[in-house]
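When we follow the UniProt record's numbering, the leftmost residue of the sequence shown carries the number 1, and every step to the right adds one.
Below is one structure, written out as structure tokens; comments come after it.
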Amino acid sequence: NSLPVFTITSSALTSATEDAIYSYTVTATDGDGTAPTFAAPTLPSWLSFNASTKVLSGTPLNAHVGAHQVKLTVSDAFGTVDTLFTITVDNVNDAPVFTSTALTIAIENTAYSYTVSSSDADGTTLAYTAPTLPSWLSFDASTKVLSGTPLNADVGAHDVKLSVSDGTVTVDQ
């Protein structure tokens, strides 16, 4: 009897993309025709291995961006053969998200203030703008504070649009 021999044929084996399905079918041969047993003792948390179908599959998320070690084994009655490789998960830009809820009511002759907050899953520095404001409101992008005092002439509905950008995607509130 011969030890199993790995035959790796997938060119996408060592590369994955955030938020996209990764799938790789493992193949191995045994010189004497004995059916080998497959296992995956070392896998990242986002990846699973089905020993029956010999398929590694999973969908990496933003938290999984980077390099991940994988160990696969093929065994028969006479021994075990290992293969180690690294899957590198490539980042995909995630849009910033507003984490604050806008204060939509202002009272005549009373100071109004709303501090904008947001987050970016990629940790990108964010830029803030206020493309649409009524004349009684102002926005300080450095402090992320929208403020002003409406007068009697300002009573009524007013459009306000705040924007946050990670340099690739802009989101409005």
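Positions of the beta carbon are idealized from the N, C-alpha and C atoms, including for glycine.
First and last residue of the uninterrupted beta strand (DSSP E) at residue i
i: PHE78; result: Per DSSP, PHE78 belongs to no beta strand (DSSP E) and is neither H nor E.
i: LYS54; result: Premise fails: LYS54 is in no beta strand (DSSP E) and is neither H nor E.
i: GLY148; result: 145 to 148
i: ALA130; result: 127 to 132
i: THR17; result: 15 to 17
i: VAL164; result: 161 to 165
i: PRO41; result: 37 to 42
i: LEU137; result: 137 to 140
i: SER117; result: That residue, SER117, is in no beta strand (DSSP E); it is neither H nor E in DSSP.
i: ALA28; result: 27 to 30
i: VAL171; result: 170 to 172
Beta-carbon proximity of residue i to residue j, cut-off 8 Å
i: LYS71; j: THR29; result: no
i: SER60; j: VAL97; result: Here residue 60 is Pro; the residue named in the question, Ser, does not match the sequence. No, they are not a contact pair.
i: LEU162; j: ALA130; result: yes
i: TYR22; j: SER57; result: yes
i: LEU169; j: ALA95; result: Checking the displayed sequence, the identity of residue 169 turns out to be Val instead of Leu. Yes, Cβ-Cβ distance for VAL169 and ALA95 is below 8 Å.
i: THR124; j: GLY167; result: yes
i: THR143; j: SER118; result: no
Residues of its chain near residue i, where Cβ-Cβ distance is below 8 Å and the 5 sequence neighbours each way are ignored
i: ASN152; result: GLU108 and ASN109
i: THR37; result: ALA51, VAL74, SER75 and ASP76
i: VAL160; result: ALA102, ALA130, THR132, LEU133, PRO134, LEU137 and LEU146
Nonlocal neighbours in the same chain, by C-beta distance under 6 Å from residue i, ignoring five residues either side
i: PRO134; result: HIS158
i: PHE139; result: ALA130 and LEU146
Proximity to residue i [Cα-Cα], best of the options
i: GLN69; options: PHE85, THR125, THR80 and VAL55; result: PHE85
i: THR101; options: GLY58, HIS64, THR115 and TYR22; result: THR115
i: LEU47; options: THR34, THR14 and SER118; result: THR14
i: THR80; options: SER119, VAL171 and ALA35; result: ALA35
i: PRO150; options: TYR112, TYR128 and GLY123; result: TYR112
i: SER165; options: ILE105, GLY148 and ASN93; result: ASN93
i: THR27; options: LYS54, GLN173 and ILE87; result: LYS54
Close Cβ partners of residue i (< 7 Å) along its chain, the five nearest in sequence each way excluded
i: residue 190; result: Residue 190 lies beyond the residue range present for the chain, which begins at 1 and ends at 173; the question has no answer from this structure.
i: ALA106; result: TYR112 and PRO150
i: PHE49; result: ALA40, LEU43 and LEU56
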